[in-house]
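Accompanying notes for the structure given below.
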Amino acid sequence: MLASSATQSAKELLAAIQSGPPNQAEEALTELEKRAESSNDPARSSELAQGYFAARRFDEANRLFDELIRFDPARDEDRLNLAMCFWQLGHVALCRHQLAHLSAHAASDAMRAFAADQLRHYETALGLRGIDKELAELQEASLREQIASNDAEAAAYTRLARLLIRQDGSPATQMDMRRRASVLEDGRRRFASEAPILELLVFCYLNLGRHGPLDEVIRDLERVDPESDILRTLRAPGNDQSIIEQRMARVNALFQEATSGEGPARDAALNGKREIVAHAPGTAQYRLALAFALLANDGKSGSIENTLKSWPSNNWKSTPRILISDRSSG
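The numbering of the sequence shown is my numbering, which starts it at 1 and goes up by one.
The structure is reproduced here in structure tokens:
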């Protein structure tokens, strides 16, 4: 059941959608749609989103709840409901991210406590606590010991960066990204010609924006591996500096979904991303999300190449290189 401070009349309509006969449920949902369309009150949109959820139209509910919290990030109830939508849609990392935000920043003690309790419940259900976290901590300690040695290998840096990505799980904060980038920059100083390190740094610095030397890393990657699939995706038509930051938000969401689990859960998420790419082969951000997810999970260049193999070849011809420097100079 979603959190709801709906009016009494809206609650009656929601009850009809949830438990009434089909014709009555449809009429109730239509009424909520009319109320939302005829009003600028966000509360009416929230009631409609709850109606979509009750009707199990989770994509539409998700869209509305997301719009509401973007308009007003302090709408804690709608943020909680957005988390429930993410859970129903199988976007586990995004669900956990919203609950973690509420547990730390919700306006009321009751909401913070409830969100923290829900987060504990989901993490326990997903096996993200206890021995799994202890194992991840041991792996991180081992990899940090490896990179501290004089005979460290380049692969240790990429493995540690991938581990940090999977540990963070939720859409990354600036601190998360700096933590990942710091590991990779250490590796870049020691192994300046390792394309996997540079490709993962591109991902970090695309998210850090002006806070990271993206141009420099792009130039290094072009020198080391001019045919890098990450570079090819960035050069895709429509990836100019005016929209790349907006696209990265979608890339981040897809990327986190595909790196949040282990074993079957991770494979299912990756397969889901492949299906999205198959249905929208001309959408650069979907391919970029999947390419980065594959990098984070196994780093096999063949997997990345296969991600892009069905892209029409003429998309890459006569396409000027994206001027990243223009993007960060304003």
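Beta carbons are placed, not taken as given, at the ideal position from N, Cα and C, and that holds for glycine.
At which residues does the alpha helix (DSSP H) containing residue i begin and terminate?
i	result
E31	P22 to E37
E77	D76 to L89
T233	D229 to L234
S108	Run containing S108: none; DSSP gives neither H nor E here.
D72	Note, D72: premise wrong, no alpha helix (DSSP H); not H, not E.
E153	Per DSSP, E153 belongs to no alpha helix (DSSP H) and is neither H nor E.
A192	First-last for A192: undefined, no H or E at that position.
A16	Q8 to S19
P42	P42 to A54
D220	L214 to V224
Looking only at its chain, what residues have a beta carbon closer than 8 Å to the beta carbon of residue i, apart from the 5 residues adjacent to it on each side?
i	result
I69	R75, D78, R79 and L82
R159	L143
Q139	L163
N314	Confidence at N314 is low in this model, with a pLDDT of 37, below 50, so the placement of that residue is unreliable and no value is reported for it.
Going by beta carbon distance, what residues of the same chain come within less than 7 Å of residue i, once the five residues before and after it are set aside?
i	result
A107	A74 and D76
S46	L68 and D78
L200	T158, A161, L184 and L295
C85	F53, F58, A61, N62 and F65
Q146	A152 and A156
C204	M177, R180, A181, L184 and G212
L231	L221 and E222
L102	D76, R79, L80, M111, R112 and A115
Distance, Cα to Cα, residue i vs residue j?
i	j	result
I17	L29	7 Å
E60	Q88	12 Å
L32	L206	40 Å
D225	A148	27 Å
R35	P196	52 Å
D186	L198	11 Å
D229	A25	49 Å
K11	L135	46 Å
N150	V92	39 Å
L234	Q8	50 Å
S170	L94	In this prediction, S170 has a pLDDT of 46, which is less than 50 and means its spatial position is unreliable; what the coordinates show is noted afterwards. Taking the straight line from one Cα to the other gives about 6 Å.
R188	D215	15 Å
A291	Q118	32 Å
D109	A43	22 Å
S193	T124	41 Å
E27	P21	10 Å
K300	D41	Only weak support exists for where K300 lies, its pLDDT of 48 falling under 50; the coordinates are left without a value.
F71	S19	31 Å
A55	N23	12 Å
I165	L48	36 Å
Rounded to the nearest angstrom, how far is the Cβ of residue i from that of residue j, given a contact under 8 Å?
i	j	result
R162	Y122	Contact flag wrong, Cβ pair sits at about 23 Å.
A141	F191	In fact, because the Cβ distance is near 21 Å, the residues do not count as touching under 8 Å.
L14	Q50	6 Å
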